[in-house]
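Student:
Numbering (the working numbering), first residue to last: 1042 to 1239.
1) Only counting runs of 3 or more residues, tell me where the beta strand (DSSP E) segments fall wholly within the stretch 1142 to 1221, in order along the chain.
2) Just to confirm my understanding: we take residue 1096, look at its own chain, exclude 5 residues before and 5 after, and list those with CB closer than 8 Å. What are they?
3) For residue 1105, report the span of its alpha helix (DSSP H) as first-last.
4) I'd like the list of long-range same chain contacts for residue 1224, defined as Cβ closer than 6 Å, with 5 residues on each side in sequence excluded.
5) Excluding the 5 residues flanking residue 1205 on each side, which residues of the same chain have their C-beta closer than 7 Å to its C-beta?
6) What did DSSP end up calling residue 1097 once you bin it into helix, strand or coil?
7) Let's see if you can read the secondary structure: which residues bound the beta strand (DSSP E) around residue 999?
8) By DSSP's criteria, residue 1133 is part of a beta bridge. Which residues make up the other side?
9) Who pairs with residue 1054 in a beta bridge, going by DSSP?
10) If the criterion is Cβ atoms closer than 8 Å, does the pair residue 1142 and residue 1194 meet it?
11) Just to confirm my understanding: we take residue 1235, look at its own chain, exclude 5 residues before and 5 after, and list those with CB closer than 6 Å. What are they?
12) What number of angstroms, rounded off, separates the C-alpha of residue 1240 from the C-alpha of residue 1117?
13) Express the C-alpha separation of residue 1135 and residue 1209 in angstroms, rounding to a whole number.
14) Counting only the same chain and skipping the five closest in sequence on each side, list residues whose C-beta sits under 6 Å from that of residue 1111.
15) Out of curiosity, what's the CA-to-CA distance linking residue 1069 and residue 1099?
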């Protein structure tokens, strides 16, 4: 939704998820994407998980199906960007699991609809039978959120020391920074500022 030239990025809980995670992301994402007309809000109503999105054989949810539902929700509500956040395991075509998935805005000159989705399930140390580490978990969640939102603003994967670097596993996620490299930072600022002028 656009109000007085401002664009909203909605944090959309999907299924049951700790409210603290949503509050933390909202606070930190405001700092990362710090532009005056960009507003982060939390959806008051969580979206339910659907049986049609669940693969019983895999014990996972199909990320692409959930993203398609988010796109429909975004279009109906006229929301600038949506970040879906869930605490269930995700997979996508040809991949055993994914930390997140996003649609990329195809035309950088037009405000295309684009959404992102992250799962926090595999970002916990306890998922791997290790001791709980809240700070590490939070950092991973934030990295995945920034990375997937970056895709919605037209950024692809980057080979630099950058948040947009592709992660095959958590070790690679932990090694990358919480920030965009100079090249990606310029691209995303130019892209967002162009849209905010419309």
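Backbone N, C-alpha and C define an ideal beta-carbon position, used for all residues, glycine too.
Tutor: According to the structure shown:
1) 1156 to 1160
2) Residue 1096 sits at position 55 when you count from the first residue of the chain shown. Here the set comprises 1102, 1103 and 1132.
3) Position 64 of the chain shown, counted from the first residue, corresponds to residue 1105. Start and end: 1104 to 1118.
4) Stepping through the chain shown from its first residue, residue 1224 is reached at position 183. No residues qualify anywhere along the chain.
5) Translated into the one-based positions of the chain shown, residue 1205 becomes position 164. Only 1188, 1191, 1196, 1198, 1199, 1221 and 1225 meet the Cβ criterion.
6) Within the chain shown, residue 1097 is the residue found at index 56, counting from 1. Note: residue 1097 maps to coil in three-state DSSP.
7) Past the boundaries of the shown model lies residue 999; the chain is included only from 1042 to 1239, so the question cannot be answered.
8) For the purposes of this step, residue 1133 is taken as residue 92 along the chain shown, with counting starting at 1. The partner list for residue 1133 (beta bridge, DSSP) reads 1136.
9) Here residue 1054 refers to the residue found at position 13 of the chain shown. DSSP output for residue 1054 lists 1126 as bridge partner(s).
10) Numbered from its first residue, the chain shown carries residue 1142 at position 101. Numbered from its first residue, the chain shown carries residue 1194 at position 153. Not in contact: residue 1142 and residue 1194 (Cβ atoms no closer than 8 Å).
11) Here residue 1235 refers to the residue found at position 194 of the chain shown. Non-local C-beta neighbours of residue 1235 in its own chain, meaning closer than 6 Å and more than five positions away in sequence, are absent.
12) Missing from the structure shown is residue 1240; the chain here goes from 1042 to 1239 and no further.
13) Translated into the one-based positions of the chain shown, residue 1209 becomes position 168. Translated into the one-based positions of the chain shown, residue 1135 becomes position 94. Cα-Cα distance, rounded: 13 Å.
14) Taking the first residue of the chain shown as 1, we reach residue 1111 at position 70. The residues are 1123, 1125 and 1156.
15) Residue numbering aside, residue 1069 sits at position 28 when the chain shown is read from its first letter. Residue numbering aside, residue 1099 sits at position 58 when the chain shown is read from its first letter. If you take the alpha carbons of residue 1069 and residue 1099, they lie about 33 Å apart.
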